[in-house]
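Mapped onto my numbering, the consecutive letters of the sequence shown carry residue numbers 6 to 311.
Cβ atoms here follow ideal geometry from the backbone N, Cα and C, with glycine treated the same way.
This report concerns only the one structure given below.
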Amino acid sequence: MAQAVRFDEYGGIDVLRVAEVDRPVPGPGQVLVRMRATAINPGEAKIRKGLLAHRWPATFPSGEGSDLAGVVEEAGEGVTGFAVGDEVIGFTGTRASHAELVVVEAANLIHKPAGVSWEAAGALYVAGGTAWAMVHAVSVGPGDSVVVSGAAGGVGSIAVQLARIAGGTVIGLASEANHPWLIRHGVIPITYGEGVADRIQAVSGGRVDAFLDTQGGGYVELAIELGVRPERIDTIADFAAKEAYGVKIDGSAVGGNAEVLRELALLIDQGRLEIPIAGVYPLAKVQDAYRELEKGHTHGKIVLKP
Ligand SMILES: NC(=O)c1ccc[n+]([C@@H]2O[C@H](COP(=O)([O-])OP(=O)(O)OC[C@H]3O[C@@H](n4cnc5c(N)ncnc54)[C@H](OP(=O)(O)O)[C@@H]3O)[C@@H](O)[C@H]2O)c1
């Protein structure tokens, strides 16, 4: 038997429970991973509440989670490249990673570089792949002035660093408590809220080339007001803006793959990318972890461990 997060109906945090389930069996091409770290994401909370039921319905009892890092426990038939005991980073598309034992397609795994902590490894897939996709969607290059909303959040904290690596001058919108972290990472911090357009104009000298929006709620309109061309705006939280303004909505569907994971893990191993860890909770405290996330002010990632 193994522990796994389950919920039996759409609802609030209280529908989450930790169940004892049968040990999963890896099929051909699959690997059974003993989870060492897995992250939680706002999208999972939306799925659990039923807000995405029209696009991605749940079947009950439902598991959850896609990010994970761990140790190979068993390799299924035909798997090459992964052996029992290997340390891996990966993802599952079957809502299953918030569990002690997770079946993962071998194609969705990479080897964990030694210099990547379990917490960073387990938090990398959704937020990292999404941030990567955003930065590539708007083709950030040397000399570009790039604004990022939610700059210290799960996706934003990675996006600002990738945009810096790509050579951009990065302006990050965040609460004051997050400004020191942004400054340490070469980002110009700006407080969001009333007057934000003027503050961006002041620090950018009136020229913003690209805008990465992780928040929705009017940031695409702000970007357009700042004169950013629609093809250089990417939002992961305002899908209607694609139709309305022709902006991009590239996110985890574009950057969520093993190739990108490998690239990001290498950057972490080289000390060029940091995944800030806002909190670590045991699997049994999964409700507390989502309570923290749903306050909406996480700096980086919240991680579950067995
Ligand atoms: N489409 C996709 O592929 C995709 C993939 C991943 C995530 N998402 C979505 O993207 C959003 C962000 O995800 P995440 O994991 O980065 O979330 P998160 O870590 O929970 O985001 C927290 C951040 O949001 C910031 N924030 C809260 N209100 C804000 C406001 N009014 N203006 C600017 N920043 C504000 C907070 O900033 P302060 O603490 O500094 O105030 C905090 O740093 C979620 O809606 C998620 O569902 C979409």
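Subject >> Given Leu272 as reference, the closest of Val38, Met40, Gln166, Glu69 once Cα atoms are compared >> reply: Leu272 has its Cα closest to that of Gln166, out of Val38, Met40, Gln166, Glu69.
Subject >> Check whether Val153 and Ser257 have beta carbons under 8 Å apart >> reply: By the CB criterion at 8 Å, Val153 and Ser257 fall outside the cutoff.
Subject >> Whole-angstrom C-beta distance between Ile115 and Ala270, which should lie under 8 Å >> reply: Ala270 to Ile115, Cβ: 6 Å. Contact.
Subject >> C-beta contact flag for Ala104 and Gln220 at 8 Å >> reply: Contact: no.
Original post:
Are the CB atoms of Gly68 and Thr43 nearer to each other than 8 Å?
Top reply: No, the Cβ-Cβ distance between Gly68 and Thr43 is not below 8 Å.
Original post:
If we count Cβ pairs, one from each stretch, closer than 8 Å, do we get three or more for the segment 13-20 versus the segment 271-287?
Top reply: At 8 Å Cβ cutoff, the stretches do not touch.
Original post:
Rounded C-beta distance between Tyr197 and Ile229? I'm assuming under 8 Å.
Top reply: Not quite, the Cβ-Cβ distance comes to about 17 Å (not below 8 Å), so this is no contact.
**OP:** Measure the Cβ-Cβ separation of Glu79 and Val89 and say whether it is below 8 Å.
**Re:** Yes; because the gap between Cβ atoms is below 8 Å, this pair is in contact.
**OP:** Spell out the partners DSSP gives Phe12 in its beta bridges.
**Re:** Residue pairing by DSSP puts Phe12 in a beta bridge opposite Ser67.
Original post:
Do Ala126 and Ala74 have their C-beta atoms within less than 8 Å of each other?
Top reply: The Cβ-Cβ distance between Ala126 and Ala74 falls below 8 Å.
Original post:
For ligand 1, is there a heavy atom less than 7 Å away from the beta-carbon of Asn262?
Top reply: Flag unset: Cβ of Asn262 not near ligand 1.
Original post:
Ordered along the chain, which non-local residues of its own chain (more than five positions away) have a Cβ less than 8 Å from that of Arg296?
Top reply: Within the same chain, Arg296 has close Cβ partners Ile18.
**OP:** Compare the C-alpha of Phe87 against each of Pro31, Pro311, Ala138 and name the closest.
**Re:** With distances taken between Cα atoms, Phe87 lies closest to Pro31.
Subject >> Paired residues, beta bridge with Gln35 - DSSP >> reply: Per DSSP, the beta bridge partners of Gln35 are Glu110.
Original post:
Mapping DSSP to helix, strand and coil, what is Met139?
Top reply: In the structure shown, Met139 sits in a helix (DSSP, three-state: H, G or I).
Original post:
With a cut-off of 8 Å, do at least 3 Cβ pairs link the segment 183-194 to the segment 160-175?
Top reply: Cβ pair count under 8 Å is three or more, so yes.
Subject >> N- and C-terminal bounds of the beta strand (DSSP E) containing Glu268 >> reply: Premise fails: Glu268 lies in the alpha helix (DSSP H), 263-274, not in any beta strand (DSSP E).
Original post:
Exposed or buried, what is Trp61 when buried is set at 16 or more other beta-carbons lying within 10 Å of its beta-carbon?
Top reply: Counting Cβ neighbours within 10 Å, Trp61 comes out exposed, since fewer than 16 surround it.
Original post:
Taking DSSP as the reference, what is the three-state secondary structure of His116?
Top reply: Residue state, collapsed to three classes: strand.
Original post:
Which residues in the same chain as Ala242 place their Cβ atom closer than 7 Å to its Cβ, once the five residues preceding and following it in sequence are excluded?
Top reply: A distance below 7 Å between beta-carbons, with the five flanking residues on each side excluded, links Ala242 to the following residues of its chain, in chain order: Asp218, Thr219, Gln220, Gly221.
Subject >> Cross-strand partners of Val153 (DSSP beta bridge) >> reply: Val153 is bridged to Gly177, Leu217.
Original post:
For Arg204, which of Val225, Asn183, Ala179 has the nearest alpha-carbon?
Top reply: Answer by Cα proximity: Ala179.
Original post:
Expressed to the nearest angstrom, what Euclidean distance is found between the alpha-carbon atoms of Val208 and Ile176?
Top reply: The straight-line gap from Cα to Cα measures roughly 8 Å.
Original post:
From what residue to what residue does the alpha helix (DSSP H) around Lys51 run?
Top reply: 47-54 is the span of the alpha helix (DSSP H), which, as asked, contains Lys51.
Original post:
Under three-state DSSP, which class holds Tyr197?
Top reply: Of the three classes helix, strand and coil, the one that applies to Tyr197 here is coil, per DSSP.
**OP:** Return the chain-ordered list of same chain residues with a C-beta closer than 7 Å to the C-beta of Thr99, the five sequence neighbours on each side being excluded.
**Re:** Closer than 7 Å at the Cβ level, and outside the excluded window around Thr99, lies no residue.
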